[in-house]
């Protein structure tokens with residue numbers, strides 16, 4: 001009996017395996033190049049010339065500093081006729097509004113009903129105070145993001161006795177169907193997604209400039225409404241009882257007015273309240289940063305090199321989420337305390353110039369301007385993702401990218417490839433505006449906390465006796481912060497421990513709070 005040659009047996013086995021797994025064999029012929037239609041229609045909001053986006057349209061820092069709602073059921077480009085040119089009335093025959101399409105009201109109402117299910121604290125406040133009508137006589141003019149969650153706030157203010165006129169604080173932020181639902185319910189709302197800069201200021205003006213109606217309260221997000229009143233209708237401030245502001249940018253403007261002795265009414269800084277800082281800024285961003293990046297880029301986070309600029313509450317939330325998914329996170333900071341916190345949390349603190357060539361994802365959350373410059377962008381590697389989680393659109397120097405040698409290529413809504421002459425591509429999200437709501441959504445529960453805080457601030461300022469608040473900027477009283485938190489505890493079936501009389505005396509506290517001094521850092 002002959003013994004088979006081992007080499008021959010191996011060759012036979014190799015041949016059999018090759019035939020068996022032929023479907024896995026590499027393709028040796030050149031792959032066929034994909035051809036794109038030359039007449040592909042460009043994204044309608046960005047007309048092109050010689051293959052490049054038109055860059056002539058000026059963009060206001062304040063009017064475009066945040067987001068366009070990814071949750072909106074319709075795109076703003078579905079109708080080229082400006083809402084300003086279309087006469088519209090709701091089912092009651094009222095026409096004091098301007099929205100994209102009043103016929104979308106039914107869809108918007110469904111969005112609002114869904115939001116209400118996770119905003120139980122605001123609904124609870126509505127039920128508790130509805131009999132007293134603490135905002136009876138209040139005429140509130142508002143300029144915020146118009147989403148389903150904001151609609152719940154607006155309708156709560158109306159249920160508490162207020163009259164409201166509303167515009168959007170950002171040209172991309174409005175959910176058109178929600179604006180329609182508010183208009184159908186009788187709210188004077190002037191907003192639609194994709195407003196021009198002229199439309200933006202026109203909408204604000206329509207809210208203020210109304211015969212036989214003058215506001216006595218302002219709810220602002222970003223400071224544009226306050227700025228417009230100061231600039232155009234300064235006499236309106238004679239009847240204004242107070243301003244409530246919720247953004248970093250808007251609060252900064254208020255402090256500038258106060259420092260210059262130009263603030264002529266009391267203002268409530270909601271942004272720096274504990275409930276806003278911790279929940280909206282920290283916990284919200286911890287979840288929404290991943291949502292925004294995943295929806296836009298489908299990026300795999302594990303092993304990616306990520307730089308987060310700024311380690312405040314927003315930066316802390318972003319870093320915690322990214323670290324949990326296996327990214328290698330570096331932090332840039334100007335504040336030694338925040339930098340030390342980042343080090344203790346396990347992050348390297350470096351200058352942006354030191355790591356810019358290795359970065360896969362760059363996230364800004366400082367509230368500053370020119371954090372990422374053209375020099376940084378030029379040195380980035382191919383495929384780097386650049387986005388902003390701060391309030392303003394000034395953190396990334398997007399204007400420096402609007403030059404003839406660079407090509408803008410719209411990939412999908414809120415996602416652009418910026419192409420350098422050598423072929424390098426940088427992925428820019430939301431044109432440098434707020435990522436989480438431009439490209440995804442924010443958890444409704446968090447917005448319930450912020451909205452409840454805003455509502456209580458309005459009630460406090462409107463009902464405060466003369467002399468309680470001067471012409472200055474104030475933080476929300478600690479007792480109100482605790483009340484906002486307590487309204488949300490039932491959602492978790494949480495039960496607070498109560499102090500005994502002896503314990504309260506020992507600590508020098510009232511049994512019902514406040515439980516921490518104003519200087520306490522949570």
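In the UniProt record's numbering, the protein residues as written are 1 to 522.
Even glycine gets a Cβ: it sits at the ideal position worked out from N, Cα and C.
Bear in mind the structure is a predicted one, so any value in this text is a computation, not a measurement.
Can you check DSSP and say which residues form a bridge with residue i?
{"i": "residue 417", "result": "409, 427"}
{"i": "residue 487", "result": "Bridge partners of residue 487: none, in fact."}
{"i": "residue 308", "result": "331, 363"}
{"i": "residue 188", "result": "165"}
{"i": "residue 396", "result": "372"}
{"i": "residue 473", "result": "267"}
Please state whether DSSP places residue i in a helix, a strand or coil.
{"i": "residue 175", "result": "coil"}
{"i": "residue 33", "result": "Confidence in residue 33 is poor, its pLDDT being 40 and thus under 50, which makes the residue's placement too unreliable to answer from."}
{"i": "residue 102", "result": "helix"}
{"i": "residue 166", "result": "strand"}
{"i": "residue 144", "result": "strand"}
{"i": "residue 139", "result": "strand"}
{"i": "residue 388", "result": "strand"}
{"i": "residue 434", "result": "strand"}
{"i": "residue 536", "result": "An answer regarding residue 536 cannot be provided, because it is not within the stretch 1 to 522 covered by the chain."}
{"i": "residue 94", "result": "coil"}
{"i": "residue 159", "result": "helix"}
{"i": "residue 83", "result": "helix"}
{"i": "residue 124", "result": "helix"}
{"i": "residue 325", "result": "coil"}
{"i": "residue 561", "result": "As shown, the chain starts at 1 and ends at 522. That puts residue 561 outside it, with no answer to give."}
{"i": "residue 465", "result": "coil"}
{"i": "residue 524", "result": "No answer is possible for residue 524: it lies beyond the span of the chain, which begins at 1 and ends at 522."}
{"i": "residue 521", "result": "coil"}
{"i": "residue 515", "result": "coil"}
{"i": "residue 300", "result": "coil"}
{"i": "residue 66", "result": "In this prediction, residue 66 scores a pLDDT of 37, lower than 50, which makes its location untrustworthy; the coordinate-derived value is nonetheless stated afterwards. Here residue 66 sits in coil by DSSP."}
{"i": "residue 25", "result": "In this prediction, residue 25 scores a pLDDT of 45, lower than 50, which makes its location untrustworthy; the coordinate-derived value is nonetheless stated afterwards. Reduced to three states, the DSSP call for residue 25 is coil."}
{"i": "residue 130", "result": "coil"}
{"i": "residue 497", "result": "coil"}
{"i": "residue 454", "result": "helix"}
{"i": "residue 441", "result": "coil"}
{"i": "residue 150", "result": "helix"}
{"i": "residue 193", "result": "coil"}
{"i": "residue 58", "result": "Note that residue 58 scores 33 on pLDDT, short of 50, meaning its location in the model is unreliable; the coordinates nonetheless yield the value given after this. Here residue 58 sits in coil by DSSP."}
Can you tell me the Cβ-Cβ gap for residue i and residue j, rounded? I've got them flagged as a contact below 8 Å.
{"i": "residue 387", "j": "residue 435", "result": "4 Å"}
{"i": "residue 270", "j": "residue 242", "result": "That pair is no contact at about 12 Å."}
{"i": "residue 364", "j": "residue 395", "result": "4 Å"}
{"i": "residue 139", "j": "residue 163", "result": "5 Å"}
{"i": "residue 157", "j": "residue 472", "result": "That pair is no contact at about 24 Å."}
{"i": "residue 342", "j": "residue 331", "result": "4 Å"}
{"i": "residue 446", "j": "residue 284", "result": "4 Å"}
{"i": "residue 488", "j": "residue 448", "result": "7 Å"}
{"i": "residue 329", "j": "residue 215", "result": "At roughly 45 Å, the Cβ-Cβ gap does not stay under 8 Å, so residue 329 and residue 215 are not in contact."}
{"i": "residue 195", "j": "residue 203", "result": "7 Å"}
{"i": "residue 177", "j": "residue 95", "result": "Wrong, their Cβ atoms sit about 19 Å apart, outside the cutoff."}
{"i": "residue 286", "j": "residue 320", "result": "5 Å"}
{"i": "residue 130", "j": "residue 153", "result": "So it is not a contact: roughly 15 Å between Cβ atoms."}
Is residue i close to the ligand ADP? I mean its beta-carbon at under 7 Å from any heavy atom of the ligand.
{"i": "residue 369", "result": "You won't find the ligand ADP in this model; it holds no ligand whatsoever."}
Validate contact between the segment 270–283 and the segment 452–470 using beta carbons, cut 8 Å, 3 pairs: yes
Every unbroken alpha helix (DSSP H) within the segment 210–283, with a cutoff of 4 residues, ordered by chain: 224–232, 248–259
Three-pair Cβ contact test at 8 Å for the segment 426–446 versus the segment 467–486: no
Complete runs of the beta strand (DSSP E) confined to the segment 346–386 [at least 3 residues]: 361–364
Touch test, the segment 458–468 against the segment 496–503, Cβ-Cβ under 8 Å, three pairs minimum: no
Any 3 or more C-beta pairs closer than 8 Å across the segment 217–236 and the segment 399–407: no
The segment 306–324 touching the segment 335–352, judged by at least three CB pairs closer than 8 Å: yes
The segment 174–189 in contact with the segment 82–92 per 3-pair CB rule at 8 Å: yes
Three CB pairs or more closer than 8 Å across the segment 139–151 and the segment 166–175: yes
Any 3 or more C-beta pairs closer than 8 Å across the segment 250–264 and the segment 354–361: no
Inter-stretch contact at 8 Å, needing at least 3 Cβ pairs: the segment 118–127 / the segment 188–198: no
Segment contact, 8 Å Cβ cut-off, at least three pairs: the segment 423–433 with the segment 98–105: no
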